[in-house]
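Inspection log for the structure reproduced underneath, given as structure tokens.
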Amino acid sequence: MKCRSCREPAVIDIRRHNAGFCRDCFLRHCREQVKRAVEDWSMLVPGDRVLVAVSGGKDSLALWDVLLDLGVDADGLYLGLGIGEYSDDSGAMARAYAATRRATLIEVDIPSEYGFDIPGAAAATRRVPCSACGLSKRHLFNQAALDGGYDVVATGHNLDDEAAVLFGNVLRWNTDYLGRQLPVLPAAQGFARKVKPLIRLGERETAAYCVLTGIDYIVEECPNAVGNKHLGYKAALNDIEAQSPGSKAAFYFGFLDRASSKFAEETAAGRDRLVACEGCGAPTTNAGLCAFCALVAKVAR
Ligand code: AMP
Ligand code: FES
Ligand code: ZN
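For our numbering, count along the sequence shown from 1 and bump the result up by 536.
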């Protein structure tokens, strides 16, 4: 197969684009896809200070790399979740990348700063680890952005992630979540803007990006994710995609173009009920403590 752009031998083929690319044209393609997502959704404005949430995985490291190459003022944020060796290794990857690019990496270590780890929080709440983990991430990403004076939090959610989340929300008709599943959530009182600039790239592409640029990333999935629903949805969508390339993108972008606005009203209604958390001041729909402060209190008991 030849590169679509320059006709040199291709190193990767992307079936949904019906195209192959050589190394340099593929890296350019990745940067263009990020640029296009950022422009189409007005994710960034000139002068924005961006905080990239980096897990040490391929997606967030590729995102940070592309944003730096595009000249965006982007620092990294790594959250230590206290998930044993997995956290040790992923933190090391994030630090190593930051060092090679001489980029700033902010670290928040949940065990030392908040006195719990994700497995402990799961045991205390009797919920799956990913539930305590997701709520801690959302809270602490926002907190770190506000504390550091950043305008935007960027995460490495890619096309596969977003299609799988959409699939799960549609299966259960979680209409409230459907209204919020957008690649950009504007800033609001107490909330930094949230953006997902990788929505036009699949995970095979972000992995290839890292391999071709020599970025070392943690290959293992989080041990708590093994066997969870999200990975099941991804596998189901991969089967469909193999039969019919382009289905995943059609599903997700069709939703954004033609369906998501239909759920916006329900989501906006929740936003009117926000009050300040009595513990940390963050906006919350709960009376008293926000979900994160309630979690910290529960684990302490
Ligand atoms: P996940 O929730 O693991 O699917 O990750 C989604 C995105 O959240 C990643 O692409 C990162 O941008 C961010 N993220 C996940 N884990 C961490 C972490 N430990 N520290 C900072 N950002 C993270
Ligand atoms: Fe959060 Fe696995 S990364 S539970
Ligand atoms: Zn709080």
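Positions of the beta carbon are idealized from the N, C-alpha and C atoms, including for glycine.
Bear in mind the structure is a predicted one, so any value in this text is a computation, not a measurement.
Is it the case that the stretch 572 to 585 contacts the stretch 726 to 738, given that we only count it when at least three CB pairs across the two stretches are under 8 Å? yes
Local conformation of Glu643 per DSSP, three classes: Here residue 643 refers to the residue found at position 107 when the sequence shown is read from its first residue. If DSSP states are grouped into helix, strand and coil, Glu643 belongs with the strands.
To the nearest angstrom, how far is it from the Cα of Leu671 to the Cα of Gly627? Start at 1 with the first residue of the sequence shown, and residue 671 comes out as number 135. Start at 1 with the first residue of the sequence shown, and residue 627 comes out as number 91. Distance between the alpha carbons of Leu671 and Gly627: 20 Å.
Exposed unless 16 or more other CB atoms sit within 10 angstroms - verdict on Gly593: Within the sequence shown, residue 593 is the residue found at index 57, counting from 1. Buried, since its Cβ has 16 or more Cβ neighbours within 10 Å.
Count the other CB atoms within 10 Å of the CB of Asn554; is the residue buried (16 or more) or exposed (fewer)? Here residue 554 refers to the residue found at position 18 when the sequence shown is read from its first residue. Exposed.
So Gly556 and Met537 are in contact, right, with Cβ under 8 Å, and what is the actual spacing, rounded? Numbered from 1 along the sequence shown, position 20 holds the residue referred to as residue 556. Numbered from 1 along the sequence shown, position 1 holds the residue referred to as residue 537. Gly556 to Met537, Cβ: 4 Å. Contact.
Shorter than 7 Å, the distance from the beta carbon of Arg665 to the closest heavy atom of the ligand FES, or not? For this step, residue 665 is matched to residue 129 along the sequence shown. Before going on, a small fix: residue 665 reads as Pro here, not Arg. Pro665 Cβ: within cutoff of the ligand FES.
Report the option in Leu682, Ile654, Pro545 whose CA atom is closest to the CA atom of Pro819. Residue 819 sits at position 283 when you count from the first residue of the sequence shown. Looking at the Cα atoms, Leu682 is the closest of the given residues.
Thinking C-beta only, is Ala744 closer than 8 Å to Ile548? One-based indexing of the sequence shown puts residue 548 at position 12. One-based indexing of the sequence shown puts residue 744 at position 208. Contact: yes.
Taking 8 Å as the cut-off, decide whether the C-beta atoms of Tyr650 and Cys758 are in contact. In the sequence shown, counting from the first residue as 1, residue 650 sits at position 114. In the sequence shown, counting from the first residue as 1, residue 758 sits at position 222. For Tyr650 and Cys758, no; Cβs fall outside 8 Å.
Taking the continuous alpha helix (DSSP H) assigned at Ala699, which residues delimit it? Position 163 of the sequence shown, counted from the first residue, corresponds to residue 699. Per DSSP, Ala699 belongs to the alpha helix (DSSP H) from 695 to 707.
Beta strand (DSSP E) containing Arg585: first to last residue? If you number the sequence shown from 1, residue 585 lands on position 49. Looking at the DSSP string, the run of the beta strand (DSSP E) that includes Arg585 is 585 to 589.
With 16 other CB atoms within 10 Å as the buried threshold, where does Val750 fall? Residue 750 sits at position 214 when you count from the first residue of the sequence shown. Per the sequence shown, residue 750 should be read as Gly rather than Val. With fewer than 16 Cβ atoms within 10 Å of its Cβ, Gly750 is classed as exposed.
Run of the beta strand (DSSP E) containing Phe557, from where it starts to where it stops: Numbered from 1 along the sequence shown, position 21 holds the residue referred to as residue 557. Taken as a continuous stretch (DSSP letters only), the beta strand (DSSP E) holding Phe557 covers 555 to 557.
Could you give the DSSP three-state label for Thr614: helix, strand or coil? The residue given as residue 614 occupies position 78 in the sequence shown. A small correction: the amino acid at residue 614 is Tyr; Thr does not occupy that position in the sequence shown. Of the three classes helix, strand and coil, the one that applies to Tyr614 here is strand, per DSSP.
Could you give the DSSP three-state label for Arg729: helix, strand or coil? On the sequence shown, position 193 is the one that residue 729 refers to. It is a strand residue.
Taking one C-beta from the stretch 672 to 692 and one from the stretch 585 to 605 each time, how about it: are there three or more such pairs within less than 8 Å? yes
Closer than 7 Å: is that where the CB of Leu825 sits relative to any heavy atom of the ligand AMP? For this step, residue 825 is matched to residue 289 along the sequence shown. The answer is no for Leu825.
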